[in-house]
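Everything below concerns the one structure shown next.
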Amino acid sequence: MTMVMELRESFTSSPAGERRLLERAVAGRYRIAALISRGGMGAIYRAWETGLERPVAIKLLAPARARDPDERGRFRREARILASLAHRNVIPVLGTGETGDAVWFAMPYHTVTLADRIRAGKRLPPDVVRDLLIGLADALAYSHERGVTHRDLKAENILLDEEGHPVLCDFGVAILASSDHSRAEIVKGYGTPEYMAPEQLLGTPECDGRQDLYALGVLGFRMLTGRFPFEGNAEQIRAAHVTRDVPAVAAHAADVPPDLAAALDRCLMRNAQDRWSGAATLREALRARTARPSGVVTRLVRRLLSRSLPQAAALL
Ligand SMILES: Nc1ncnc2c1ncn2[C@@H]1O[C@H](COP(=O)(O)OP(=O)(O)OP(=O)(O)O)[C@@H](O)[C@H]1O
Ligand SMILES: [Mg+2]
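Here the sequence shown is numbered in our numbering, starting from 12 and rising by one per residue.
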């Protein structure tokens, strides 16, 4: 190992080295505050944008992966997909950069994810669930119209803004209908077992935005019933999605309004052709029964979802 390589290894192979690498790459623009999460692809850091005095989240590709052109390409693609989408329920990208092995992009920082708010065995009120689903269906309709399929919709990939509105993030395995490279990845079966549509698990080449509707159905099922449609180990869950019909929402939560339960049951059909034809149709179906005094639900959502929101700036 040459001196230069040794230096590079020690710089990037430890968490502290990784952080220093990012600090140097973004110096003068962002001040790194803390590690938020470390996933398969890289890490998310909380940071402070010094010029504009606002909190941001920075997603960094794992430095070791940054040396692989395919990984680097996929990471760039995530940033570009986000940059091509402007929707209040989709996280925007604020900036991006590549300095040696430091490949990153910045986004607005949100303190909580939907996963922080849904705990095993706990159920959310149907009106709250309906509003969350409407926002997410709108984000999906918008993305699908632009040829983007998310493919990893789940509670951990949904941030909540200060109003309690959902903000979809992590387009790391999203595919673009217009890209051959993207389509080639369909067969690889990326995703999270609990949320994966049968056609996604089977790697069917024609799988499209309707797999996101299935995942949205799983999320709704989870929020309303307190459990996933199929539970067990990853292997058992995968097999169940492919071979069994998802139980009706009403079988686990009898008090859910019938139209909401039926909307989710239709998202969760094993055969994609039996689901909603698109996210916009689902959104309209969910909206049809929302004749409530305006503001009531927003206040309820806020109370439930934003209860412990600390002041972001105070953390930095
Ligand atoms: N903009 C943000 N503000 C605050 N937290 C965020 C933000 N983006 C992501 N996070 C947090 O970081 C976690 C991981 O982010 P993301 O899913 O984009 O990364 P990933 O590398 O794909 O990780 P994983 O493999 O865990 O999915 C999220 O679940 C969330 O908790
Ligand atoms: Mg994620």
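Just so it is clear, CB atoms sit at the ideal spot from N, CA and C, and this is done for glycine as well.
Note that this is a predicted model, so its numbers are computed, not measured.
Three or more C-beta pairs below 8 Å linking the segment 142-156 and the segment 201-213
Here the segment 142-156 makes no contact with the segment 201-213; the two share fewer than three CB pairs at distances below 8 Å.
For LEU105 and ALA54, what's the separation of their Cα atoms in angstroms?
Translated into positions along the sequence shown, residue 105 becomes position 94. Translated into positions along the sequence shown, residue 54 becomes position 43. The straight-line gap from Cα to Cα measures roughly 17 Å.
How would you call LYS70, buried or exposed, if buried means at least 16 neighbouring beta carbons within 10 angstroms?
Along the sequence shown, one-based indexing puts residue 70 at 59. In this structure LYS70 is buried. Its beta-carbon is surrounded by 16 or more other beta-carbon atoms within 10 angstroms.
Among GLU60, TRP115, LEU63, ILE92, whose alpha-carbon lies nearest the alpha-carbon of ALA73?
Here residue 73 is taken as the residue at index 62 of the sequence shown, counted from 1. Of the listed residues, the one whose Cα sits closest to ALA73 is TRP115.
Are there 16 or more other CB atoms within 10 angstroms of the CB of PRO177, so buried, or fewer, so exposed?
In the sequence shown, residue 177 corresponds to position 166, counting from 1. With 16 or more other Cβ atoms from the protein chains shown falling within 10 Å of its own Cβ, PRO177 counts as buried.
Contacting residues, own chain, Cβ-Cβ under 6 Å from LEU143 (five flanking each side not counted)
The residue given as residue 143 occupies position 132 in the sequence shown. Sequence-distant Cβ neighbours of LEU143 in its own chain, meaning closer than 6 Å and more than five residues away, are PRO177.
Closer than 5 Å to ligand 2: residues, by C-beta to nearest heavy atom, in chain order
That query returns the following residues: ASN168, ASP181.
Excluding the 5 residues flanking ILE145 on each side, which residues of the same chain have their C-beta closer than 7 Å to its C-beta?
Here residue 145 corresponds to residue number 134 of the sequence shown, with the count starting at 1. In the same chain as ILE145, and ignoring 5 residues on each side of it, the C-beta atoms closer than 7 Å to its own belong to ARG294, LEU297, ARG298, in chain order.
Which residues mark the beginning and the end of the beta strand (DSSP E) in which ARG65 is found?
Translated into the one-based positions of the sequence shown, residue 65 becomes position 54. In the DSSP assignment, ARG65 falls within the unbroken beta strand (DSSP E) covering 65-72.
How about ALA150: is its Cβ closer than 7 Å to a heavy atom in ligand 1?
Counting from one through the sequence shown, the residue named residue 150 turns up at place 139. No, ligand 1 has no heavy atom inside 7 Å of this Cβ.
Among the residues of its own chain, which have a CB less than 6 Å from the CB of ALA226, if the five just before and after it don't count?
Numbered from 1 along the sequence shown, position 215 holds the residue referred to as residue 226. Same-chain partners within the cutoff: LEU164, TYR206.
Rounding to the nearest angstrom, what Cα-Cα distance links ALA27 and ILE43 in this structure?
Stepping through the sequence shown from its first residue, residue 27 is reached at position 16. Stepping through the sequence shown from its first residue, residue 43 is reached at position 32. Their Cα atoms are separated by approximately 12 Å.
Per-residue DSSP class, three states only, for THR236
Looking up residue 236 in the sequence shown gives position 225. It is helical.
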